[in-house]
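Engineer: All residue numbers for the sequence shown refer to my numbering, where the first residue is 20 and numbers rise by one. Don't be surprised by glycine CBs; every beta carbon is placed ideally from N, CA and C. Quick one: this structure, given as structure tokens, is what I'll be asking you about.
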Amino acid sequence: MTNQFKNGTTVIRLVCSILFLLFSFLYLYEYQADILSFAQHVLSKGVTHYNRMVGAIVITLVLWLLQIAIHTSTRINGFFHALTYFPPFILLGVLTDVTPNLESEGYIGHWFWLFPLLMIIYAGVVWMCKQMESVHHQVQNRSVLFSLWVNLLGMIAMSLLTCFIGCNDRLFHHRMHIERLLSSGQYADASKVGILEEETDSSLTFLRIWALSKQNKLGESLFEYPLVGGSDAMLPNGTSVQLVMPSESVLYKELGVVYREKLRPMDYLKALHQTKKATRVSHDWLLCAYLLDCDIDGFTRSLPLYYQLNIDLPKHYQEALTLYTHLRNNPMVVFKDPVMEADYEGFQAIRRKNKDKRVRYTKLKDSYGKTYWLYYYKKMNKL
20 MTNQFKNGTT VIRLVCSILF LLFSFLYLYE YQADILSFAQ HVLSKGVTHY NRMVGAIVIT
80 LVLWLLQIAI HTSTRINGFF HALTYFPPFI LLGVLTDVTP NLESEGYIGH WFWLFPLLMI
140 IYAGVVWMCK QMESVHHQVQ NRSVLFSLWV NLLGMIAMSL LTCFIGCNDR LFHHRMHIER
200 LLSSGQYADA SKVGILEEET DSSLTFLRIW ALSKQNKLGE SLFEYPLVGG SDAMLPNGTS
260 VQLVMPSESV LYKELGVVYR EKLRPMDYLK ALHQTKKATR VSHDWLLCAY LLDCDIDGFT
320 RSLPLYYQLN IDLPKHYQEA LTLYTHLRNN PMVVFKDPVM EADYEGFQAI RRKNKDKRVR
380 YTKLKDSYGK TYWLYYYKKM NKL
């Protein structure tokens, strides 16, 4: 074995090690930290908590030591060296292959039989590569650079495979990220997660409502987000609306009390106010529940109980009152604000001007996508 070959294999090993360490740490620390926090919370039943820095470092080092052990036992160098990273990459993917239904589906799942099968195939491939290694020595002596590129391509391919295996559910990632931020008191950051994305679900809607409530911004900012589920998405129910890491008891303490009977969110909020057990925070929850269900009459009846009807009202409350004033022939309340009236007229002008429904919706969304008006007309199928 020539010095050139020895130096070449050293360079290849060093480059592959650096790539693996960087990828593994960033993958765990930046991309999958929230998913692993969820997994540890569920598996430990909330007893222990995942530390993203410690977890990323420890897991990366353990997998790297595994690669070193594989290389020591196989002595695969040069052209096929990247193969020694295959088991660590697969394990990294398996570790982060977590579904939202972890508690019912289990952690390992199909990997219980698939991983051993892959390792048997891997052992066969390693044996074949060892037989071919001597044939490639002369080629590697002539072109270490070519061997380096082959290994780099192999490392990239296995990195992509890991990403494919691991959890890629964007909504689940957003949910767990918001839950982690809520648990640590970072409410402003929690309310910014996924704000530019159209796709959402009821669990994500609930978490955003809670994050905004923590900042007293429900009436000001709620309808700037994509929302689904109506008022039924305002409280966890264990099925369509899930809460994993933060405690439900904390939420109900903020709103008032917990009833033994499980009520729908709207019924719960009404019961709180009827029995005089509602907190100041729950007033906004009730008002927003009416708005989410497009019950602008119920909203208008309740609003004067908690707010003075003037221009200091939160933005969405002003929008809802303006809408109510224009939709009812004999309104209980007449709210007039010149700026709000001008905006509403602009909204209606776009509705009247554009006959094509898709064009109309696109233009309304571009100009009024953060208003209650767009939410109302879309939910009522009147766009």
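I'd like to check one pair, Y336 with G238: are the Cβ atoms closer than 8 angstroms?
Structural biologist: Cβ distance < 8 angstroms, so G238 and Y336 count as in contact.
Engineer: For the ligand FAD, I want to know if M399 counts as a neighbour, meaning its beta carbon is within less than 7 angstroms of at least one of the ligand's heavy atoms.
Structural biologist: What this structure holds is no ligand at all, so the ligand FAD is not there to describe.
Engineer: Going by C-alpha distance, which of F108, L254, S259 is nearest S17?
Structural biologist: A query on residue 17 cannot be resolved here, the shown segment of the chain reaching from 20 to 402 and no further.
Engineer: Determine the closest residue to L33 out of H60, L342, A101, with distance taken between C-alpha atoms.
Structural biologist: Of H60, L342, A101, the residue nearest in Cα terms is A101.
Engineer: Can you give me the start and stop residues for the alpha helix (DSSP H) that M359 sits inside?
Structural biologist: That run of the alpha helix (DSSP H) goes 357 to 372.
Engineer: Going by beta-carbon coordinates alone, are R371 and M351 separated by less than 8 angstroms?
Structural biologist: Result no, Cβ atoms of R371 and M351 do not sit closer than 8 angstroms.
Engineer: Quick one: grab the DSSP three-state call for K233.
Structural biologist: It is helical.
Engineer: Considering only residues of the same chain and omitting the five flanking positions on each side of M359, which have a CB-CB separation below 8 angstroms?
Structural biologist: Answer for M359: Q337, E338, T341, listed in chain order.
Engineer: Under the three-state reduction of DSSP, which class applies to L114: helix, strand or coil?
Structural biologist: Note: L114 maps to helix in three-state DSSP.
Engineer: Look at the Cβ atom of T181, then the Cβ atom of F108, and state whether they are nearer than 8 angstroms.
Structural biologist: In contact: T181 and F108 (Cβ atoms closer than 8 angstroms).
Engineer: Relative to the alpha-carbon of A3, which residue among G317, T298, Y309 has its alpha-carbon at the smallest distance?
Structural biologist: Residue 3 lies beyond the range of the chain shown here (20 to 402); nothing can be said about it.
Engineer: Quick check: what's the CA-CA separation for C35 versus D116?
Structural biologist: One C-alpha to the other measures close to 24 angstroms.
Engineer: Can you tell me whether K289 is helix, strand or coil according to DSSP?
Structural biologist: In the structure shown, K289 sits in a helix (DSSP, three-state: H, G or I).
Engineer: Give the C-beta separation of C148 and I95 to the nearest angstrom, bearing in mind that I take them to be a contact with Cβ-Cβ under 8 angstroms.
Structural biologist: Between I95 and C148 the Cβ distance is about 6 angstroms, and since that is below 8 angstroms, they are a contact.
Engineer: Buried or exposed: where does R227 fall if 16 or more other Cβ atoms within 10 Å of its Cβ makes it buried?
Structural biologist: By the neighbour-count rule (16 or more Cβ atoms within 10 Å), R227 is buried.
Engineer: So, with DSSP's three-state summary, where would you put H302?
Structural biologist: If DSSP states are grouped into helix, strand and coil, H302 belongs with the helices.
Engineer: Helix or strand or just coil, what does DSSP make of D316?
Structural biologist: In the structure shown, D316 sits in a helix (DSSP, three-state: H, G or I).
Engineer: Please report the distance separating the alpha-carbon of R71 from that of S56.
Structural biologist: Roughly 8 angstroms separates the two Cα atoms.
Engineer: Just verifying my parser: in three-state terms, what is the DSSP assignment at Y403?
Structural biologist: The requested residue 403 is not part of the displayed model; the chain covers only 20 to 402.
Engineer: Please name the residue, chosen from F225, R194, L274, S203, that lies closest to G213 on a Cα-to-Cα basis.
Structural biologist: Closest by alpha carbon: R194.
Engineer: Check whether the Cβ atoms of C313 and Y206 sit closer than 8 angstroms, and answer yes or no.
Structural biologist: No, the Cβ-Cβ distance between C313 and Y206 is not below 8 angstroms.
Engineer: Could you compute how far the alpha carbon of D385 sits from the alpha carbon of L393?
Structural biologist: Taking the straight line from one Cα to the other gives about 11 angstroms.
Engineer: Below 6 angstroms CB to CB, which residues in the same chain sit around Q157 once its five sequence neighbours on both sides are set aside?
Structural biologist: Summary for Q157: the model assigns pLDDT 49, below 50, so the residue's position carries little reliability; its value from the coordinates is reported in the next sentence. Cβ within range, chain order: n/a, list empty.
Engineer: Tell me, to the nearest whole angstrom, how far the beta carbon of L328 is from that of W304; I am working on the premise that it is less than 8 angstroms.
Structural biologist: Going by Cβ atoms, the distance from L328 to W304 rounds to 20 angstroms, so no, they are not a contact pair.
Engineer: Give the secondary structure of K382 by DSSP, where H, G and I count as helix, E and B as strand, and everything else as coil.
Structural biologist: Helix.
Engineer: Roughly how far, in whole angstroms, is the beta-carbon of V169 from the beta-carbon of F98, given that I think they are within contact range, below 8 angstroms?
Structural biologist: Confirmed, Cβ separation roughly 6 angstroms.
Engineer: Which residue marks the beginning of the alpha helix (DSSP H) containing Y126, and which one marks its end?
Structural biologist: Segment: none, Y126 is in no alpha helix (DSSP H) and carries neither H nor E.
Engineer: Starting from N170, trace the alpha helix (DSSP H) in both directions and tell me its first and last residue.
Structural biologist: Where N170 is concerned, the enclosing alpha helix (DSSP H) stretches over 163 to 184.
Engineer: State buried or exposed for K401, treating a residue as buried only when at least 16 other CB atoms are found within 10 Å of its CB.
Structural biologist: That one is exposed.
Engineer: Closer than 8 angstroms by C-beta to D356: which residues in its own chain qualify, once you throw out the five before and the five after it? Chain order, please.
Structural biologist: Around D356: I330, Q337, T341.
Engineer: Decide if P135 is buried, meaning its Cβ has at least 16 other Cβ atoms within 10 Å, or exposed.
Structural biologist: When all chains shown are included, P135 counts as exposed.
Engineer: Going by other Cβ atoms of all chains shown within 10 Å of its Cβ, with 16 needed for buried, is G257 buried or exposed?
Structural biologist: Classification for G257: exposed.
Engineer: What's the call for I139, buried or exposed, on a 16-neighbour Cβ count within 10 Å?
Structural biologist: Label assigned to I139: exposed.
Engineer: Under DSSP, the alpha helix (DSSP H) around S250 begins and ends at which residues?
Structural biologist: First-last for S250: undefined, no H or E at that position.
Engineer: Give the straight-line distance between the Cα atoms of Q86 and Y104, rounded to the nearest whole angstrom.
Structural biologist: Taking the straight line from one Cα to the other gives about 6 angstroms.
Engineer: Write down the C-beta distance between A58 and L111 rounded to the nearest angstrom, noting that I regard them as a contact closer than 8 angstroms.
Structural biologist: So it is not a contact: roughly 14 angstroms between Cβ atoms.
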